[in-house]
Structure formats: C-alpha cells, structure tokens
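As structure tokens, the structure follows; a few thoughts come after it.
2 protein chains.
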Amino acid sequence: MKDFFLQKHKDAHCRARTGELHLSHGTVQTPSFMPVGTNGTVKGMYHSTVKDIGYNLILGNTYHLYLRPGCEVLQLFDGLHKFSNWDGNILTDSGGFQIFSWSKLRKIYDEGIKFQSHIDGSRHEFTPEKVVDIQQVIGSDIAMVLDICSPPGIDRRKTIKAMDITHAWAERSIARRDSLEELTGRAFRGKLFGIVQGGFYEDLRIQSARTISAMDFPGIAIGGLSVGESKEDFIKYLAITAEEVTYAKPRYVMGIGTVDYILEAVSNGIDLFDCVLATREARHGTVFTDDGMLNLKRASNRLNDGPIDEGCTCTACSKYSRAYMHHLFKCNEMLGGMLASEHNLTYLYNLMLRVRKAIEEDRFLSFKEDYLARFYADGGLNRK
Amino acid sequence: MKDFFLQKHKDAHCRARTGELHLSHGTVQTPSFMPVGTNGTVKGMYHSTVKDIGYNLILGNTYHLYLRPGCEVLQLFDGLHKFSNWDGNILTDSGGFQIFSWSKLRKIYDEGIKFQSHIDGSRHEFTPEKVVDIQQVIGSDIAMVLDICSPPGIDRRKTIKAMDITHAWAERSIARRDSLEELTGRAFRGKLFGIVQGGFYEDLRIQSARTISAMDFPGIAIGGLSVGESKEDFIKYLAITAEEVTYAKPRYVMGIGTVDYILEAVSNGIDLFDCVLATREARHGTVFTDDGMLNLKRASNRLNDGPIDEGCTCTACSKYSRAYMHHLFKCNEMLGGMLASEHNLTYLYNLMLRVRKAIEEDRFLSFKEDYLARFYADGGLNRK
Chain A
13 MKDFFLQKHK DAHCRARTGE LHLSHGTVQT PSFMPVGTNG TVKGMYHSTV
63 KDIGYNLILG NTYHLYLRPG CEVLQLFDGL HKFSNWDGNI LTDSGGFQIF
113 SWSKLRKIYD EGIKFQSHID GSRHEFTPEK VVDIQQVIGS DIAMVLDICS
163 PPGIDRRKTI KAMDITHAWA ERSIARRDSL EELTGRAFRG KLFGIVQGGF
213 YEDLRIQSAR TISAMDFPGI AIGGLSVGES KEDFIKYLAI TAEEVTYAKP
263 RYVMGIGTVD YILEAVSNGI DLFDCVLATR EARHGTVFTD DGMLNLKRAS
313 NRLNDGPIDE GCTCTACSKY SRAYMHHLFK CNEMLGGMLA SEHNLTYLYN
363 LMLRVRKAIE EDRFLSFKED YLARFYADGG LNRK
Chain B
13 MKDFFLQKHK DAHCRARTGE LHLSHGTVQT PSFMPVGTNG TVKGMYHSTV
63 KDIGYNLILG NTYHLYLRPG CEVLQLFDGL HKFSNWDGNI LTDSGGFQIF
113 SWSKLRKIYD EGIKFQSHID GSRHEFTPEK VVDIQQVIGS DIAMVLDICS
163 PPGIDRRKTI KAMDITHAWA ERSIARRDSL EELTGRAFRG KLFGIVQGGF
213 YEDLRIQSAR TISAMDFPGI AIGGLSVGES KEDFIKYLAI TAEEVTYAKP
263 RYVMGIGTVD YILEAVSNGI DLFDCVLATR EARHGTVFTD DGMLNLKRAS
313 NRLNDGPIDE GCTCTACSKY SRAYMHHLFK CNEMLGGMLA SEHNLTYLYN
363 LMLRVRKAIE EDRFLSFKED YLARFYADGG LNRK
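Residue numbers (the numbering used here), protein chains in the order written: chain A, 13 to 396; chain B, 13 to 396.
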C-alpha cells in the first residue's frame with residue numbers, strides 16, 4: 013500500500029508543491045480543485061462529464077445528505093458512490109459550516125450542535141461522533157471532522173471558546189473513527205481530516221494549526237477563511253496558518269474558488285480547494301477566461317461568433333459561439349447553465365494542470381504573477 | 013433526387029402507414045415524434061444526446077426565434093442549424109399559434125397579425141410573406157404557413173372568417189415561397205407545409221382539408237386540434253379531417269404528445285407529431301412508462317433501487333435508481349430534469365420504433381389496444 017500522500021516536487025522559490033493523494037477510488041494529482049456536488053450531483057452536469065474533464069475527487073455535504081436523501085436511503089445503496097453512480101472519490105464536508113449557513117435555531121454546546129432543518133424545520137443534533145458515523149454511511153473517501161467556524165468580527169473570548177470546542181471535537185472524532193470497527197464491524201472507510209480554526213487572531217490561528225497538526229489526522233484543512241473577511245486578511249491569515257500546519261500532510265483550504273485565492277493558496281503550499289462559485293456563476297451566465305470573468309448575458313456577446321475561449325476543449329467552446337450562449341441565457345434555457353458549468357469546471361481543471369506544470373518547473377511565482385496580470389488587465393472578477 | 017415522401021407500408025387493417033421523409037439534413041422514418049426545441053435548444057438536453065437517441069427532426073418556433081435571437085443573429089450564422097450546432101432537420105412552426113398563446117394585444121386583419129412581444133412589449137407584425145421569409149432565414153427544413161387557430165367555443169361565423177383568412181394566407185405563402193429566388197437570389201430552402209383549420213364544425217373541417225390538400229404543398233398539417241376540446245372531440249374531428257387530407261403527402265398533427273393521442277393519430281394515417289409535454293413533464297418529475305405516467309416525486313420512489321423502466325437504455329434507466337431520481341427532484345437539482353427529459357424522449361423514440369414495426373406487420377390496431385390496456389391498467393395519465 014502506497015503512502016496516502018506523496019509529495020512529488022516542491023517549487024524552488026515558494027512553498028507550492030505537487031503531489032498525489034492515493035484514495036480508494038483512484039489517485040488525485042495535487043494541487044487540485046474539487047467540484048462541489050452538495051446533494052450528490054454537481055449542479056447541471058452529468059457525472060460522466062465531470063469524469064471526462066478529468067476530475068476524480070468531488071465534494072458532497074454531510075449536512076445536506078443527512079437531511080436528503082437521509083441515511084436510510086444511503087445505507088440501502090451502501091453509500092453515495094453507488095447511489096449517485098460516481099466511481100471517483102468523494103470528500104464530504106462535515107456540515108458544521110452548512111448548519112450555520114442554512115439551518116435555523118442552531119445551538120452549540122459541548123456535546124454537539126442542535127439545529128433545525130432548513131427544509132422542513134425538523135429538529136436534529138450533530139455530535140462529532142455522529143458526523144463520523146454519517147460519513148461512514150456516505151462512504152466518503154475523505155471525511156471532515158465537525159468544527160465551529162468563527163467569522164470575522166467574533167470577539168476573542170468567543171473565538172477561543174469555538175476553537176477549544178473544535179479541538180475537543182477533533183479528538184473525539186479520532187476516537188470515534190478508531191473505535192468504529194469494534195462498534196460496527198467495519199473500519200472507517202475514508203481518511204478523516206482535521207480542521208484548523210482560530211478566527212482572525214494570529215496567536216489563536218497558530219495555536220489551532222499546531223494543535224490540529226499534532227493530532228492523528230492524515231490531512232489537515234484550514235477552515236474559517238473566505239468567510240467574509242477582506243482579501244488582505246484572507247492572504248494574511250492563510251499565510252500565518254499555512255506556515256504552522258504540518259507540511260508533510262495534504263493541506264486543504266475550504267471554500268475558495270476564485271483564481272486569485274486559488275493561486276494564493278497554492279503559493280502557500282495548499283493542495284486542495286473547493287468552491288461552489290464555478291458552477292453557481294456558470295448558472296448565472298458568468299464564465300472563467302484568462303482575461304477575467306466574462307458575463308455571457310452582456311449585449312456585447314449577441315453577435316459574437318467566436319467561442320468563450322479559443323483554447324478550451326469543453327463542449328461550449330468546441331461547439332458553440334458566445335452568441336448562442338448569450339441567447340441561451342437570455343431565454344433562461346437550462347442548456348446555458350449546463351454548458352457554462354462544464355466550461356468553468358474544464359477551465360479550472362486545465363488551470364490546475366498549468367499550475368502543476370509551473371511548480372514542476374520551479375516557476376510557479378512567475379506563472380502566478382503573469383496569470384493575474386493578464387486576468388486583471390481586462391476585467392478580472394468584474395464580469396465584463 | 014428521391015421523392016420528398018416515400019410511403020413504405022400501409023397497415024392492412026387501418027390507415028396507419030410507415031414512410032420516409034427525405035430532407036436536406038437526412039432521412040426521417042415515419043410515423044415520427046418530433047422533440048420541441050422552441051428557442052433552438054431542446055430544454056435540458058445536449059443536442060448530441062437528442063441525436064444519439066436517434067432523432068434527426070426537431071422543432072423550432074418562428075415566433076420565439078424571431079424575437080430571440082432575432083433574424084440579425086440567425087443571418088450571421090446562415091440559419092439555426094449552425095447557430096445551434098444541430099445538423100439534423102428542423103421543422104419550424106409558423107408562430108401563429110404561439111402569438112395567441114404568448115403575446116399581448118394581438119390583432120388579426122386580412123394582411124396579417126399585429127402583436128406585442130411577451131418579452132418586452134415591443135410591437136411587431138407577421139404577414140404570411142414575412143413568416144416565409146423568417147423561416148428562410150432560420151433555414152427550416154420543414155416550414156409552416158401562418159394560420160389562425162379556432163379553439164372550441166368559437167362561433168361558426170368567426171370560425172369561417174378565420175378559416176377563409178387561413179386559406180388566403182396559404183395561397184400567399186405559396187406565392188412568396190415561389191418568388192423567393194427571384195426576390196432574393198436564393199430559392200426557399202425547406203418544404204412548406206399547409207395547415208388545415210375549420211374549428212369544431214364538420215363541414216368546415218372537410219372544406220379546409222380539401223382546400224389545403226388541393227394547394228401546392230408537399231405536406232399538410234392538421235391544426236386546431238388538442239387546443240382545449242374533449243378527447244371525444246379530438247378523436248372525432250381528427251378522423252373527419254384526416255379522412256379528407258390527401259393521403260399521398262406526409263400528414264402532421266400539431267401539438268400532441270400523450271401516448272393515447274399519438275396512437276390515435278397514427279391509426280388515422282398521421283406521420284408526424286410534436287409536443288412540449290415530454291420534456292415539460294420531465295422537468296417536473298413525471299416520466300413515461302408502459303404502465304402509465306410515473307411521478308418520481310412521490311414518496312413511493314424514495315427507497316426504490318430499481319430503474320424507471322427496466323427495458324430502457326437511457327442514462328437515467330441504465331445508471332440510476334428511482335430513489336436517486338426521487339432525491340434529485342426533491343432537491344430541485346437540474347440533473348433530475350436533464351435525466352428525465354432524456355428518458356421521456358428515449359421512451360417516445362422507442363415507442364415509435366414499436367409503432368412502425370407493428371404497422372409493417374399489419375398489427376397496429378392490436379398493438380394500440382394492448383398498449384393502451386396496459387398503460388391505463390395501472391395509472392394511465394394520472395401520474396401514479
């Protein structure tokens with residue numbers, strides 16, 4: 013059995029590195045962007061298309077999957093892979109963040125979190141142990157511990173409290189993982205990652221990074237970033253945290269999907285990222301290009317017979333004009349979102365290929381600088 | 013050059029027949045169901061999937077395409093085929109029916125129809141000549157004349173008036189088609205079909221069928237059916253009209269898509285049908301099976317690990333369970349509509365294969381009887 017994580021090459025001029033994750037459903041090259049399939053489907057995409065692009069690690073969400081379809085259904089299919097007919101790898105977020113984004117009347121206490129379903133108002137409780145168990149039912153190849161996120165503006169006392177609970181829950185999650193075979197007759201099926209918190213306080217970030225790094229996790233996520241803070245704070249706290257998270261394990265920054273944030277993370281030696289942005293923007297007509305984000309609804313595309321992106325091999329770029337894409341979005345046709353989602357995921361997949369090549373050739377920092385200069389020269393994130 | 017329409021086999025016991033339409037973008041086997049792609053896209057489907065199922069004749073709509081993307085855009089691409097990257101055949105409805113369904117403040121007069129766009133309220137006018145010209149820009153393989161539909165409940169005087177205008181417009185459409193090369197340097201690219209009207213008056217139906225049949229059209233549509241009348245009236249007026257429409261030409265009944273109506277039409281020697289129902293129902297979770305319409309949202313599907321339809325080869329049936337489809341619809345995931353649309357179009361394509369085989373073997377009437385007995389035994393159209 014190969015090591016779970018193999019570092020292949022470290023860029024000579026920064027912490028960026030390439031590597032491989034060896035998972036139950038195939039090897040994943042890192043740094044890697046992971047498409048989000050919250051409910052067991054990447055929105056607007058056939059799984060076969062996601063696979064054809066090259067992805068073999070996508071996200072699911074424990075909070076959403078627990079509520080719908082629920083564990084009874086997932087057990088019937090022995091997990092999400094068979095239920096959703098996806099034979100690549102699945103990483104599931106624990107649902108801690110989603111409870112705060114989605115549910116009502118949540119209450120944190122030492123034992124766990126009580127919350128109401130955003131769907132029907134029904135009352136539920138997540139404990140660190142239960143979240144490990146649910147991800148065992150899901151059959152997650154990478155599972156995340158239950159944690160508490162502290163957005164910017166939370167005071168130091170509350171941030172410490174949230175961090176301490178997060179650390180205690182991390183220990184309890186490991187204990188549950190390790191006792192699962194004894195309890196249920198089946199060892200935990202995935203790799204359980206810890207999550208660093210600590211809010212926007214340097215010393216707490218460092219403390220959390222060191223604490224989680226010291227625990228028996230095969231990989232570490234940096235949580236609580238890209239949650240409303242300024243870009244300067246994102247860069248600052250990412251660097252502080254990444255510096256302290258063990259470099260020997262795969263490192264994951266949760267919930268980032270704009271190219272500037274991804275490249276910033278890569279230069280800090282981050283290996284995994286995920287975000288709904290690629291497919292959400294796509295459904296609203298905004299697509300990634302090297303020249304910035306492009307809003308296909310804008311009238312300038314109406315008579316444009318060229319593709320979104322000359323070099324792209326996705327269905328939209330190889331078969332259709334910007335004019336046709338514009339038309340589909342003006343008519344609210346599903347095919348617009350389907351094609352644009354495929355484009356954005358293809359774009360990010362290919363961007364990560366370029367990123368990995370640049371790292372292998374010890375030129376990631378100049379790649380990043382050149383890429384962002386072009387990206388921002390003609391629009392950047394402003395959806396021209 | 014082959015004849016446009018080749019009749020292959022007439023069932024020994026009814027007017028049902030098989031045939032071939034020879035069109036610019038390939039041969040179409042009849043009787044044939046045509047998927048609807050109003051705006052130049054079959055909703056929720058890649059064109060490649062529509063083609064892979066076996067379809068090579070789909071619908072577009074002149075009213076919708078004239079408003080969006082508009083003739084300027086279509087001219088840039090020399091028509092809808094290139095614009096939408098569909099290399100099969102396209103039939104366009106003239107837009108007469110759609111003006112009455114969609115637009116505001118329409119006014120019919122001898123010259124044409126004035127109407128307001130349902131999108132932005134802008135004022136427009138369709139004449140029979142203009143509708144021929146727009147379909148020339150679209151590049152329709154089969155084009156329809158502008159007509160006026162008389163729903164049930166319209167009095168005899170008004171029905172006669174609408175029919176007389178429809179007949180006059182049919183003549184003017186033919187004249188326009190025939191003078192197009194002289195006017196524009198390019199002959200009409202498609203086959204122009206006439207449309208029978210006459211409302212729900214036997215003698216008017218017969219008069220209209222004879223009048224339109226006598227004109228120089230390569231094919232005839234029966235309009236003004238399935239517009240709100242009872243099923244008994246549909247069957248009655250279909251039979252009366254079909255009896256009088258020339259049997260030598262391809263015959264098309266517009267806007268029918270439930271299996272009972274399709275089979276009724278086939279037994280009357282109808283060759284072509286179209287309807288949005290297959291894809292619209294699919295987007296709302298209802299799928300076709302031999303045992304009636306099935307509503308995937310119903311709780312009975314939640315733990316059902318079988319496919320929608322054992323015998324079906326579509327992506328939904330070959331890869332997914334009813335439980336997963338149920339989950340997708342409960343979560344309002346796009347993939348639900350995408351997969352169900354593919355299923356319904358696959359189902360209707362395969363149904364027409366079975367219909368053609370039954371006709372070739374002179375057993376269409378017993379096929380129809382057996383099929384409907386099973387279809388209605390366990391739900392029929394009631395979405396069980």
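Each residue gets a CB set at the ideal place from its N, CA and C atoms; glycine is no exception.
Span separating the alpha-carbon of residue i from that of residue j
{"i": "Glu-381/B", "j": "Val-278/B", "result": "13 Å"}
{"i": "Val-144/B", "j": "Tyr-332/A", "result": "27 Å"}
{"i": "Val-48/A", "j": "Ala-155/B", "result": "44 Å"}
{"i": "Asp-159/B", "j": "Ser-312/B", "result": "45 Å"}
{"i": "Ala-251/A", "j": "Met-337/B", "result": "43 Å"}
{"i": "Val-43/B", "j": "Leu-384/B", "result": "Strictly speaking, residue 43/B in this sequence is Pro, with Val absent from that position. Those two C-alpha atoms are separated by around 18 Å."}
{"i": "Trp-181/A", "j": "Leu-92/A", "result": "25 Å"}
{"i": "Cys-161/A", "j": "Tyr-58/A", "result": "32 Å"}
{"i": "Met-305/A", "j": "Ala-28/A", "result": "25 Å"}
{"i": "Asn-307/A", "j": "Val-299/A", "result": "7 Å"}
{"i": "Cys-343/A", "j": "Ser-225/A", "result": "50 Å"}
{"i": "Ile-120/A", "j": "Leu-77/A", "result": "21 Å"}
{"i": "Gly-392/B", "j": "Asp-303/B", "result": "7 Å"}
{"i": "Glu-193/B", "j": "Ser-185/B", "result": "14 Å"}
{"i": "Phe-95/A", "j": "Leu-79/A", "result": "15 Å"}
{"i": "Pro-230/B", "j": "Val-54/A", "result": "47 Å"}
{"i": "Gly-202/B", "j": "Thr-223/B", "result": "22 Å"}
{"i": "Ser-60/B", "j": "Cys-329/A", "result": "15 Å"}
{"i": "Lys-170/B", "j": "Gly-211/B", "result": "10 Å"}
{"i": "Leu-377/B", "j": "Glu-276/B", "result": "10 Å"}
{"i": "Glu-256/B", "j": "Ser-191/B", "result": "29 Å"}
{"i": "Gly-38/A", "j": "Ala-199/B", "result": "58 Å"}
{"i": "Phe-379/A", "j": "Leu-88/B", "result": "38 Å"}
{"i": "Ala-260/A", "j": "Gly-82/B", "result": "59 Å"}
Test item: CB-CB of residue i and residue j under 8 Å
{"i": "Arg-310/A", "j": "Gly-349/A", "result": "no"}
{"i": "Ala-290/A", "j": "Leu-351/A", "result": "no"}
{"i": "Ile-234/B", "j": "Gly-206/B", "result": "no"}
{"i": "Asp-122/A", "j": "Ile-177/A", "result": "yes"}
{"i": "Val-271/B", "j": "Phe-387/B", "result": "yes"}
{"i": "Ile-371/B", "j": "His-21/B", "result": "yes"}
{"i": "Asp-153/A", "j": "Leu-103/A", "result": "yes"}
{"i": "Asn-97/A", "j": "Leu-35/A", "result": "no"}
{"i": "Val-149/A", "j": "Leu-86/A", "result": "yes"}
Three-state secondary structure assigned by DSSP to residue i
{"i": "Ser-44/B", "result": "strand"}
{"i": "Ala-233/B", "result": "strand"}
{"i": "Gly-38/A", "result": "strand"}
{"i": "Gln-209/A", "result": "coil"}
{"i": "Phe-16/B", "result": "coil"}
{"i": "Ala-155/B", "result": "strand"}
{"i": "His-136/A", "result": "strand"}
{"i": "Ile-131/A", "result": "coil"}
{"i": "Arg-198/B", "result": "coil"}
{"i": "Asp-105/A", "result": "strand"}
Closest Cα partner of residue i within the set the options
{"i": "Leu-71/A", "options": "Gly-151/A, Asp-122/A, Met-305/A", "result": "Gly-151/A"}
{"i": "Phe-109/A", "options": "Ala-174/A, Ala-24/A, Lys-342/A, Phe-89/A", "result": "Ala-174/A"}
{"i": "Lys-116/B", "options": "Asp-105/B, Tyr-75/B, Asp-122/B", "result": "Tyr-75/B"}
{"i": "Arg-314/A", "options": "Glu-84/B, Leu-18/B, Thr-30/B, Gly-52/B", "result": "Glu-84/B"}
{"i": "Ile-111/A", "options": "Phe-138/A, Asp-132/A, Asn-101/A, Thr-104/A", "result": "Phe-138/A"}
{"i": "His-355/A", "options": "Arg-334/A, Pro-163/A, His-339/A", "result": "Arg-334/A"}
{"i": "Pro-164/B", "options": "Asp-321/B, Arg-184/B, Val-239/B", "result": "Val-239/B"}
{"i": "Gly-66/B", "options": "Val-40/B, Glu-276/B, Gly-82/B, Arg-80/B", "result": "Val-40/B"}
{"i": "Pro-140/A", "options": "Asn-280/A, Asp-105/A, Asp-153/A, Arg-375/A", "result": "Asp-105/A"}
{"i": "Asp-317/A", "options": "His-136/B, Asp-90/B, Asp-64/B, Asp-245/B", "result": "Asp-90/B"}
{"i": "Asn-73/B", "options": "Asn-51/B, Gly-82/B, Leu-88/B, Lys-63/B", "result": "Asn-51/B"}
{"i": "Leu-363/B", "options": "His-339/B, Ser-134/B, Val-157/B, Phe-285/B", "result": "Phe-285/B"}
{"i": "Gly-269/A", "options": "Pro-262/A, Arg-263/A, Leu-357/A", "result": "Leu-357/A"}
{"i": "Phe-45/B", "options": "Gln-209/B, Ile-282/B, Gly-236/B, Gln-219/B", "result": "Ile-282/B"}
{"i": "Gly-133/A", "options": "Trp-114/A, Ser-242/A, Asp-99/A, Gln-148/A", "result": "Trp-114/A"}
I'd like the ranges of any beta strand (DSSP E) spanning at least 3 consecutive residues and lying wholly in the region 269-338 of chain B.
284-286, 298-301, 304-307
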